C-alpha cells in the first residue's frame, strides 16, 4: 500500500510539473516554467531512488 501511495505521489508531482511548464509557456512566465522543470526533475529523482530502494 505504501508503494502505491508513493507511486501516485510521484506521478502527481510529475503531472503538476508538466502543467506548470505548459501554463508558464502560455503565460510567458519563465519562473513558472523553471518551477515546473524543477518539479519534473524532482519527480524523476524520487521515482528512481524509490525504485532502487525497493530492489534490495
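Residue numbers (our numbering): 426 to 481. For each residue, glycine too, the CB sits at the ideal point set by N, CA and C. Quick caveat, the model's predicted, so the values are computed rather than measured.
- The beta carbons of residue 438 and residue 464 sit about 6 Å from each other, so the pair counts as a contact at 8 Å.
- The beta carbon of residue 432 lies closer than 7 Å to none in the same chain, with the five residues before and after it left out.
- Assigned with DSSP and collapsed to three states, residue 476 falls in helix.
- By the beta-carbon neighbour count (other beta carbons within 10 angstroms, threshold 16), residue 442 is buried.
- By the neighbour-count criterion, in which 16 or more other beta carbons inside 10 Å mark a residue as buried, residue 451 falls on the exposed side.
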